[in-house]
Structures are given as C-alpha cells and as structure tokens.
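Residues in the sequence shown are numbered from 130 upward in steps of one, following my numbering. Where is the CB? At the ideal position from N, CA and C, for every residue including glycine.
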Amino acid sequence: MYMAKTLGIVGLGHIGKEVARRARGFNMRVLATDAWPDREFAQQHQIEYVSLDTLTAQSDFISLHTPLTPETENMFNAARLQQMKSGAFLINVSRGGIVMNKRCMKH
C-alpha cells in the first residue's frame, strides 16, 4: 500500500526525522520542508527538500511536525488543502492551529 507513495513532511525535526526513517523503510519517496534544513540527514536518507507548494501538490500523505507559531498558524487553510492531490491524506501530529478550523473554510 505504501510502496511507491510519496510522504511529505512539514517540519523535519526530531520526530519528523523518525517518521522519515520509517517511511524510507517502506521505500516511500520522502519530501520535506523545514525552516532549518538538515541537508546532511536529507542526503543520508534520500529526502528531498522542496517548497511547501511542491510538497503539498506531490504528496500522497502529508505529515505535520511543526510548532504553532504566527508563521505556521492556519498554514493548511482551504487554499492549501485544495492544492493537495485527490485522495491524499493529511496527518496532523502538531498543534490544531496549523490546520484551519473546518468551520472557517468554505466548502
């Protein structure tokens, strides 16, 4: 099921790195975006740093591992969610405020 799928990780800190390691174990392509990229780790684990727009558009699964800050609040709003591939999954293991409350989004 996960083979040949793409995982996008927003926030490649300690937890994001552990998720990336496991995803690579399933032979998944891993994309990442992070304010402080660890290029050495990315090279060792075949992770591609890309823009958030690219990550959103290309990922089958998006896993959020970023703190809630003024810059990340509502990062995944209605417009960003519409950029996701059809059938893609969003997994938020961060603070709820990263994803805009569905009551605030137009359907």
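query	result
Write down every uninterrupted run of the alpha helix (DSSP H) in the region 156-230 whose length is 4 residues or greater and which is fully enclosed by it, in chain order.	168-173, 181-187 and 207-212
Our contact map puts I220 next to S192 with C-beta atoms below 8 Å; I'd like the distance itself, whole angstroms only.	5 Å
Is the separation between the beta-carbon of V159 and that of A149 shorter than 8 Å?	yes
Pull up the DSSP beta-bridge partners for G137, would you.	L160 and I191
Using the Cα positions of H236 and A207, report the straight-line distance between them to the nearest angstrom.	Since pLDDT at H236 reaches only 45, below the 50 mark, its modelled position is unreliable, and no value is offered.
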